[in-house]
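Everything on this sheet refers to the single structure shown next.
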Amino acid sequence: MKTYGILLFPSHNRVYAHASVHLAQSELLVVGDALLDGRIGSVRETVLGGVPYLTFEVDGDLTESDIGALSNLSSLYALFEIEDGRLAPLELTRLDRFGSDLITIQKYAGKTNEDFTKLLLNVTAMACDDPRRLLTGDLRVLDPLCGRGTTLNQAVMYGFDAAGVERDTKSFDAYANFLRQWMKNSRLKHRAEITRVRRDRKTLGRRFHAELGEDKERYKRGEAIEVTVINADTAASDAFFGPASFDLIVTDAPYGVQHGATARTEVSRSPMPLLTAALPAWARLLRPGGAIGIAWNTHVARRSELAELLADHGFEVADSEPHHGFRHRVDQAIVRDLVVARLAATGRDR
35 MKTYGILLFP
45 SHNRVYAHAS
55 VHLAQSELLV
65 VGDALLDGRI
75 GSVRETVLGG
85 VPYLTFEVDG
95 DLTESDIGAL
105 SNLSSLYALF
115 EIEDGRLAPL
125 ELTRLDRFGS
135 DLITIQKYAG
145 KTNEDFTKLL
155 LNVTAMACDD
165 PRRLLTGDLR
175 VLDPLCGRGT
185 TLNQAVMYGF
195 DAAGVERDTK
205 SFDAYANFLR
215 QWMKNSRLKH
225 RAEITRVRRD
235 RKTLGRRFHA
245 ELGEDKERYK
255 RGEAIEVTVI
265 NADTAASDAF
275 FGPASFDLIV
285 TDAPYGVQHG
295 ATARTEVSRS
305 PMPLLTAALP
315 AWARLLRPGG
325 AIGIAWNTHV
335 ARRSELAELL
345 ADHGFEVADS
355 EPHHGFRHRV
365 DQAIVRDLVV
375 ARLAATGRDR
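Each residue of the sequence shown is one higher than the one before, counting from 35 in the working numbering.
Next up, the structure:
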């Protein structure tokens, strides 16, 4: 058996306080089960030279493919092989296509922490029928409650096409303005526009669409990353995208929400009314074998409620022990958890 150690990002410890190691351990085990054939064991916190590490054992050496799978853990700052108390650093293979400012520059009240957003995207990808697609860059990601685009930015960072739906006009405009300015400041080849979506002489919503290239050569070859955001009600998401358009749906359910058609004024602290109304449309947009990941506040909804709702719409909820290890306190009013599930092949027919 070989022993390895993960040095966590310092920011990870500040954000999650006492939960940081527990969250990192759960993410490591989920990724290890999906991409390393479950070979990771004996995961624990170990203090070396006065510094805490997350250590684990693997039967044999980590291969280049194994290291690539671990390189993109949301908490991982550096990876070491440990032998006789000595730490040998391993070369990481990160998926990041752009500078970290894409993820960190936006600051606003209610922003989902970017470390957790990356964790949620990673864990959701591990639930789809081919989790290794996380490493190949050919996933399409939808956040149907996208706010100001934290999930979309993480997807773009990985090189994925990303789409979102956001009812709030100010959030829609703020994200469109941010991405335009960021692409301009980064001197990336791109184009972007906002248009109205019309059908039967009625305006259904507004669409922001951008295409950007990692570099000029890729952009000229037509290898652009696409970002699309719709300013409309999430329960009508399937009016703007084709069926089975996405591989992953990743979202952080709001904690106080208003939903439904424009004329409705229902407000609930629980995400259940919104999810009940929107999940049929979301399921139609996900391809069979695709996965959904939802984060929510456990103070206002039980895990069993979300699992039952997902199962009713043809999803198979991931229920391993590591999948129950993501519960953590955000503040006095919010204890956050996540649930991920795969859409069964017959899911949309149910």
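From the three backbone atoms N, C-alpha and C, an ideal C-beta is built for every residue, glycine too.
Computed from a predicted model, the values in this text were never measured in an experiment.
On the criterion of 16 or more Cβ atoms from any shown chain inside 10 Å, does H224 qualify as buried, or is it exposed?
Under this definition H224 is a buried residue.
Around the Cβ of K152, are there at least 16 other Cβ atoms within 10 angstroms (buried) or fewer (exposed)?
The residue in question, K152, is buried, as its Cβ has 16 or more Cβ neighbours within 10 Å.
On the DSSP bridge list, what partners appear for E227?
According to DSSP, which records beta bridges pairwise, E227 is partnered with H243.
List the whole-angstrom C-beta distance separating F43 from Y87, where the pair is believed to meet the contact cut-off of C-beta under 8 Å.
F43 to Y87, Cβ: 13 Å. No contact.
Could you please give me the residues that DSSP links to A386 through a beta bridge?
An answer regarding residue 386 cannot be provided, because it is not within the stretch 35 to 384 covered by the chain.
Quick check: the Cα distance between P165 and D172, rounded to an integer number of angstroms?
If you take the alpha carbons of P165 and D172, they lie about 11 Å apart.
Kindly indicate which residue of G84, I116 and V85 has the alpha-carbon position closest to the one of V92.
It is I116.
Comparing C-alpha positions only, which one of R336, V263, P322 and D100 sits nearest to F349?
The option with the nearest alpha carbon to F349 is P322.
Alpha carbon to alpha carbon, what distance is there between V364 and H52?
Spanning the two alpha carbons is a distance of roughly 11 Å.
Helix, strand or coil for Y209? Go by DSSP, reduced to three states.
Helix, per DSSP.
Give the DSSP-derived three-state secondary structure of K141 in the structure shown.
Looking at K141 - three-state DSSP - the assignment turns out to be coil, as it is neither helix nor strand.
Would you call the CB atoms of A143 and V374 closer than 7 Å?
No. Outside cutoff.
Taking the straight line between their C-alpha atoms, what separation do you get for T146 and R182?
Whole-angstrom Cα-Cα distance: 10 Å.
Quick one: using the 10 Å Cβ neighbour count with 16 as the cut-off for buried, is D353 buried or exposed?
By the 10 Å Cβ count, D353 comes out exposed.
Around the Cβ of G119, are there at least 16 other Cβ atoms within 10 angstroms (buried) or fewer (exposed)?
Exposed, because fewer than 16 other Cβ atoms sit within 10 Å of the Cβ of G119.
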